[in-house]
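Chains as they are written, first to last, in the numbering used here: chain A, 378 to 642; chain B, 1288 to 1593.
Where is the CB? At the ideal position from N, CA and C, for every residue including glycine.
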Amino acid sequence: MEMTKKYAKPEEFSTLELMAVCGSKQIKNGEVVFIGTGLPLIAAMLAKKTHAPKAKIVYEAGFIDSNAIDIALSIADSRLGYHASGAIGLIETLGLMLQGGHVDVGFVGAAQIDEYGNINTTYIGNFENPTVRLPGSGGGNDIVSSAKRIVIIMTHEKRKMVKKLDYLTSPGFLDGPGAREKAGLLGGGPSLVVTNLCQMDFEPKTKRIRLATVHPGVTIQQIKENTGFDLIIPKDVPTTELPTYEELELLRAIDPHGIYIPKPK
Amino acid sequence: MPNLVEAPIEDKRLTLKEAVKLVPDGAHLFWGGFGFQRPPMAFAHEMVRQGKRNMTIYTCGSEMDLDILVGAKVASRLEVAFYAIEGIGLAPNIQRRMREKTVEIEDYTNLAMALRFLGGALGVPFMPLKSMLGTDMLTKKRFREKKAEVFTCPFTGEKVVLVPSVRPDFSIVHVSRVDREGNAQIDGIKGEDVEGARAGKKLIVMAEEIVDTEFIRVQPDQTVIPNIYVTYVVECPWGSYPMMVYNYYDYDMEHIRRYYEQCKTEEGWQKYCEEYITSVNNHMEFLQKIGIERLLKLKAKKPFAY
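Below, the structure written as C-alpha cells:
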C-alpha cells in the first residue's frame, strides 16, 4: 500500500539527515548489506525501519544480520551483536560471504576519490613523505573489490574530489571501461556517490562520475567549484528527493543523542 | 584391577609480568582483538613498563592499544590494514611517529591480513585472494622485499593476488575465558583471532577469567582455541580496559576521548604514559587507579553484551 508521501521542507532537516536518507534508499529489501559506522550505520538502520525490513546488515568484524538498537562507535562494537544471527569473524564476513559473492551492496567513505570512483583512505601527500597517515584500507578495499554495488558517502570538497589520487586504496573503475574486468576484480564497482551537495552516479559508457541529483538550495556552479575533476553534467539534473516527515522522525529516534547526526540548535 | 586414573591437568598459567618477559626485543607478534573488541591492552601496558623495543606487529585493525605500542616505541614496524581511534579520529601517536620515521607501516587489507594468518596457521607459504587488484597496495611498499604478487591461476587463467603467510614468534590474544590447560572460549565476534592465534610459533592467551576445565568440557562447542595450540595462559580481568569485552564490559569512552585529545602532543602522550602506565607497577595498580566505581559502571548489563 503506497501512501502519499509528505515531504519535509528544506529548512526542516539538516544536510546529514538528507545524506542518511539518500543512503538508506540504496538498500533494497532482502539485500545483504556491508556497512561501517557513521552515516552508513544510520542509513542502514533507517532502511530496516522503512522500506527494507528484511535487509541483512553485516559488519566485517563478524556481526551478521545485526539488529542493533543502540548506536555503535566501532564496527567491532558489542552493540552490533544485539539480535544478530551470528557473531563470527573476518574470514567469514570478508572472505566467505563477501569474496564468495553474497554481498549486494557495500557502503564506504573516502578521503579522496577521482573521476572513475577510485578511492584513497591511506595517505595524504606523496607516499615517500606523506603529510597525513589515514586509517588505511581496513576492509574497505575488500568491500569495494567484491561487493555487487558500492555506495560512497563523503564530504564534497575540491581537495577530496581530485584529478589524481595521492594513493589508490580501493578500486573504482580504475582507468575506465573494462579495467576492473582486466584487473580480475569480482564486484560491480561504485554505483553512487552521496555528498553534502549532490548525488552522483557513473555514466555507463565512460564509467566517469556524472551528476545525478542536486540537493535543495545547492547550485550546479557550487558543485563545479567544489570538484577537482571534470564532472559530467547532464542537461536536466533533478533536485534530490526530500526526506519525508516519517523518515526524519525515525532518524531522530535512531540517533537520539546526535552521535552521528548532531541535533539542530 | 586397573584404577580409573584422572589425567593431571597441565597448568600453563603465568603472571602477566612473566609472560611479557618471555618476549624478546625485536620479536614478531600477532596482535589479537579487533577494533574496540578484546585488544590485549594490559599486555601492551606491560610491554611499555618492561621497555620492550623494535617489535613488528601483525594485525588487521587496532586502535588505542597499537597507538600506545608505537607511542612508547615498543613497536617499530607494523603490517596492518587499519588503525584509528574509531568514531573519534586518527591514531595520534602513530601519526607523530610516522612523521618522525620511527615507525614503518606496510599496508594490506583486512582480508589479506586474516588470510596471511590462516596461511601461517595452515603451514603454507602464501594465500590467494581477490582484493588489492589494480591498487597502490600492490605496487607501493616500505620494508618488505616482496609484499604481494599478482598471479594467474594455472587452472582457470583467472588473476589472483598472492600474499605471504605470517608465522610470528608469538601470538598474543585476549579471550573471554580459558582453563589452566589453555582451552579458550570467545564470546561475540572473533575478528581474526581464531587464525592469528594458530599462526604464532608460541601462543600466549590472556583471559578475563580462568575457569575450571569442567566448565569448558561441558560446552566444548564454545572452544575456539583448543589447548593444543596454547603455550601460556594469563589471567587478566579488565585486560582490554578502556576498550570492550563482549558480555563482560563496555568501553570507557570518556577515558578514550581524553587519551585521544591528550596524545595529540608529545608532552600530552608522555604525561598519559607516565600517569597510567609507567608510574604503576602492574595491571592491578592500573585498575585501582581507574577505580572500582568507574569499572562497575561499565560492566555488561544482561541480557545486553555491553
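Applying a beta-carbon distance threshold of less than 7 Å, which residues of chain B neighbour residue i?
i       : result
Y544(A) : D1423
F440(A) : I1476
F504(A) : K1427
P548(A) : L1420, G1421 and T1422
Count the other CB atoms, across all protein chains shown, that sit within 10 Å of the CB of residue i; report buried if there are 16 or more and exposed otherwise.
i        : result
Q403(A)  : buried
G566(A)  : buried
L1416(B) : buried
I446(A)  : exposed
N1514(B) : buried
P1412(B) : exposed
P1507(B) : exposed
I1579(B) : exposed
T1396(B) : buried
F411(A)  : buried
V1505(B) : exposed
L471(A)  : buried
Q1575(B) : exposed
D1480(B) : buried
Of all the CB atoms in chain A, is at least one closer than 8 Å to the CB of residue i?
i        : result
Q1324(B) : yes
C1347(B) : yes
Y1593(B) : yes
K1417(B) : yes
L1405(B) : yes
F1385(B) : Here residue 1385(B) turns out to be Met, not Phe, going by the sequence shown. Yes, because at least one Cβ of chain A sits closer than 8 Å to the Cβ of M1385(B).
F1317(B) : no
F1321(B) : yes
Y1547(B) : no
Y1370(B) : yes
Which bits of chain B does residue i rub up against, with CB to CB less than 8 Å?
i       : result
G483(A) : Near G483(A) there are no residues of chain B at all, since even the closest Cβ is about 12 Å away, more than 8 Å.
T414(A) : E1373 and G1374
Compare the C-beta of residue i with all C-beta atoms of chain B and state if any pair is closer than 8 Å.
i       : result
T499(A) : yes
L562(A) : yes
L471(A) : yes
A397(A) : no
Q598(A) : no
S443(A) : no
A556(A) : yes
L418(A) : no
L627(A) : no
Going by the DSSP bridge assignment, what does residue i pair with across the sheet?
i        : result
T621(A)  : Y384(A)
I501(A)  : V509(A)
T392(A)  : DSSP lists no partner for T392(A).
K1446(B) : T1439(B)
C575(A)  : V591(A)
K433(A)  : V409(A)
S1418(B) : Note: S1418(B) sits in no beta bridge, so no partner.
Y1519(B) : I1491(B)
A449(A)  : Its beta-bridge partners do not exist; DSSP assigns none.
K1586(B) : Y1536(B)
S547(A)  : I496(A)
Show which residues of chain A have a CB atom less than 7 Å away from the CB atom of residue i.
i        : result
D1394(B) : T499, G513 and S514
Y1328(B) : Looking at the sequence itself, residue 1328(B) is Met, so the reference to Tyr does not match. Per Cβ cutoff of 7 Å: no residues; M1328(B) is ~14 Å from chain A at best.
Go ahead and pull the three-state DSSP assignment for residue i.
i        : result
P1451(B) : strand
R1543(B) : Residue identity differs from the one stated: residue 1543(B) is Ile in this sequence, not Arg. Note: I1543(B) maps to helix in three-state DSSP.
Q1504(B) : In the sequence as displayed, the identity of residue 1504(B) is Arg instead of Gln. Of the three classes helix, strand and coil, the one that applies to R1504(B) here is helix, per DSSP.
P615(A)  : coil
F1330(B) : helix
M1342(B) : strand
I1476(B) : coil
H1570(B) : helix
T1510(B) : strand
R1300(B) : strand
G1483(B) : helix
G635(A)  : coil
Q1337(B) : coil
Can you pull the chain A neighbours of residue i, defined as C-beta to C-beta under 8 Å?
i        : result
C1446(B) : Before going on, a small fix: residue 1446(B) reads as Lys here, not Cys. Near K1446(B) (Cβ distances below 8 Å), the residues of chain A are A560 and G561.
N1397(B) : E437, L467, L471, S514, G515, G516 and D519
Y1243(B) : Any property of residue 1243(B) remains undetermined from this structure, which presents chain B solely from 1288 to 1593.
E1614(B) : Nothing can be reported for residue 1614(B), as the shown portion of chain B is limited to 1288 through 1593.
E1432(B) : Result: empty, since nearest Cβ-Cβ is about 17 Å, beyond 8 Å.
A1401(B) : G466, L467, I468, L471 and G472
List the residues of chain A whose Cβ lies closer than 9 Å to the Cβ of residue i, in chain order.
i        : result
E1482(B) : G466, L467 and I468
V1367(B) : G513
L1377(B) : V509, R510, L511 and P512
E1479(B) : G466, L467 and I468
Whose Cβ in chain E lies nearer than 7 Å to the Cβ of residue i?
i        : result
I1381(B) : The structure shown contains no chain E; its protein chains are A and B.
Starting from the beta carbon of residue i, find every residue of chain B whose beta carbon is closer than 9 Å, and list them in chain order.
i       : result
V424(A) : Sequence inspection shows Ala at residue 424(A); the Val mentioned does not correspond to that position. Within 9 Å Cβ-Cβ: nothing; A424(A) doesn't reach chain B, min ~21 Å.
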